[in-house]
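A.B. asks: Input: one structure, supplied below.
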Amino acid sequence: MRRSRGGRAESQGHREPRRYTAQEPLSVTLLTDFGARDGYVGAMKGVIVSCCPAAAIHDLTHEIPAGDIREGAFVLAAAAVHFPPGTIHVAVVDPGVGTDRRPLVVMAGGSYFVGPDNGLLSLAVAAVREASPEHPETVIRVLDRPAAFAREVSATFHGRDVFAPVAGSLAAGADVADLGTVAGSTRRTSPSTVTSPPGTRTGRAAT
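Residues in the sequence shown are numbered from -12 upward in steps of one, following this note's numbering.
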């Protein structure tokens, strides 16, 4: 391989994003650093549509530089605000795959963000909350229910074996509370104070 590449909400304050009817195909977006040459993205799409054949899958980009979490975070945030509430955003820029970094689903702005807890999701979560004030709640869940994953989980391909099955299950109407346990916080990416040339973007991962 080219690179290492949960019931109701626990309190009444944790309202779930609105549910779509079966007649409304749910949008699933994909952002990765896998590139377009190999079959990794195709494998993820296959898993998603196997769970939910009606899912509408949109590629944001698969050309994030390998392991560049901050670039992935900026691109995800820039795109996610243009999708409607209910969208499931899957992001995989995951140099820590195979370590003890947590897999997450975050509900924010009425949408779902599925990916690793390494700062990749944080800017998009903040952006959609600001863009969707009618959905002010943010609920973070650690994906810790193996029944929601592939039968065999590769140590280096959580995009296919963890994140894609979770996204497909959500698109098919699974209760997000059945997929993971509520957590208190995530790692975040924030704008850096380092001066950059005009038109460039930088960021840093922070705990």
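Just so you know, even glycine gets a beta-carbon here, dropped at the ideal spot from N, CA and C.
(1) With residue 98 and residue 115 assumed to form a contact (beta carbons below 8 Å), what rounded beta-carbon distance in angstroms separates them?
(2) Using the Cα positions of residue 139 and residue 24, report the straight-line distance between them to the nearest angstrom.
(3) Where do the N-terminal and C-terminal ends of the alpha helix (DSSP H) with residue 132 fall, by residue?
(4) Along the chain, where does the alpha helix (DSSP H) that runs through residue 61 open and close?
(5) How should residue 121 be labelled, buried or exposed, when 16 other C-beta atoms within 10 angstroms of its C-beta is the threshold for buried?
(6) Report the option in 79, 92, 15 and 137 whose CA atom is closest to the CA atom of residue 128.
(7) Given this structure, state the Cα-to-Cα distance separating residue 103 from residue 72, to the nearest angstrom.
(8) Pick helix, strand or coil for residue 21, following the three-state DSSP scheme.
(9) At a Cβ threshold of 8 Å, is residue 80 touching chain D?
(10) Give me the Cα-Cα distance between residue 124 and residue 81, rounded to the nearest whole angstrom.
(11) Since residue 98 is in the beta strand (DSSP E), which residue starts that stretch and which ends it?
(12) Rounded to a whole number of angstroms, what is the C-alpha to C-alpha distance between residue 26 and residue 169?
(13) Taking 6 Å as the limit between beta carbons, can you name the residues of its chain near residue 39, skipping five residues before and five after?
(14) Please state whether the Cβ-Cβ distance between residue 56 and residue 17 is less than 8 Å.
(15) Tell me residue 16's beta-bridge partners as DSSP assigns them.
(16) For residue 110 versus residue 63, is the C-beta spacing smaller than 8 Å?
(17) Using a Cβ-Cβ cutoff of less than 7 Å, which residues in the same chain neighbour residue 68 once the five nearest sequence positions on both sides are dropped?
(18) Measure the alpha-carbon distance for residue 196 versus residue 149 and round it to whole angstroms.
(19) How many angstroms separate the CA atom of residue 53 from the CA atom of residue 86?
(20) Verify whether the separation of the beta carbon atoms of residue 22 and residue 50 is less than 8 Å.
C.D. replies: Walking through what the data contain:
(1) Against the sequence shown, residue 98 aligns to sequence position 111. Against the sequence shown, residue 115 aligns to sequence position 128. Correct: roughly 6 Å between the Cβ atoms.
(2) Position 152 of the sequence shown holds residue 139. Position 37 of the sequence shown holds residue 24. Rounded to the nearest angstrom, the two C-alpha atoms are 25 Å apart.
(3) Taking the sequence shown and counting its residues from 1, the one referred to as residue 132 is at position 145. Element bounds for residue 132: n/a, residue is neither H nor E.
(4) In the sequence shown, counting from the first residue as 1, residue 61 sits at position 74. Annotation for residue 61: the continuous alpha helix (DSSP H) segment containing it runs 56 to 67.
(5) One-based indexing of the sequence shown puts residue 121 at position 134. Classification of residue 121: exposed, given that the 10 Å Cβ count is below 16.
(6) Here residue 128 refers to the residue found at position 141 when the sequence shown is read from its first residue. It is 92 whose Cα lies nearest to the Cα of residue 128.
(7) As a position in the sequence shown, residue 103 is number 116, starting the count at 1. As a position in the sequence shown, residue 72 is number 85, starting the count at 1. Roughly 21 Å between the two C-alpha positions.
(8) Position 34 of the sequence shown, counting from 1, holds the residue named residue 21. DSSP places residue 21 in coil when its eight states are reduced to three.
(9) As a matter of chain content, chain D is missing from the structure shown, which is built from one protein chain.
(10) Residue 124 sits at position 137 when you count from the first residue of the sequence shown. Residue 81 sits at position 94 when you count from the first residue of the sequence shown. About 26 Å.
(11) Counted from its first residue, the sequence shown places residue 98 at position 111. Note, residue 98: beta strand (DSSP E), 98 to 103.
(12) Translated into the one-based positions of the sequence shown, residue 26 becomes position 39. Translated into the one-based positions of the sequence shown, residue 169 becomes position 182. In a straight line, the C-alpha of residue 26 is about 33 Å away from that of residue 169.
(13) Start at 1 with the first residue of the sequence shown, and residue 39 comes out as number 52. Apart from sequence neighbours up to five positions away, the residues of its chain that approach residue 39 with a beta-carbon distance below 6 Å are 155, 158 and 159, ordered along the chain.
(14) Taking the first residue of the sequence shown as 1, we reach residue 56 at position 69. Taking the first residue of the sequence shown as 1, we reach residue 17 at position 30. Contact: no.
(15) Residue numbering aside, residue 16 sits at position 29 when the sequence shown is read from its first letter. In DSSP, residue 16 forms a bridge with 45 and 76.
(16) What you label residue 110 is simply residue 123 of the sequence shown in a count that begins at 1. What you label residue 63 is simply residue 76 of the sequence shown in a count that begins at 1. With respect to residue 63, residue 110 sits close: the two C-beta atoms are nearer than 8 Å.
(17) Locating residue 68 in the sequence shown gives position 81, counting from the first residue. Apart from sequence neighbours up to five positions away, the residues of its chain that approach residue 68 with a beta-carbon distance below 7 Å are 114, 115 and 118, ordered along the chain.
(18) One cannot answer for residue 196 here, as it falls past the ends of the chain, which runs -12 to 194.
(19) For the purposes of this step, residue 53 is identified with residue 66 of the sequence shown, where counting begins at 1. For the purposes of this step, residue 86 is identified with residue 99 of the sequence shown, where counting begins at 1. Answer to the nearest angstrom: the Cα atoms are 17 Å apart.
(20) In the sequence shown, counting from the first residue as 1, residue 22 sits at position 35. In the sequence shown, counting from the first residue as 1, residue 50 sits at position 63. Their beta carbons are under 8 Å apart, which means residue 22 touches residue 50 by this criterion.
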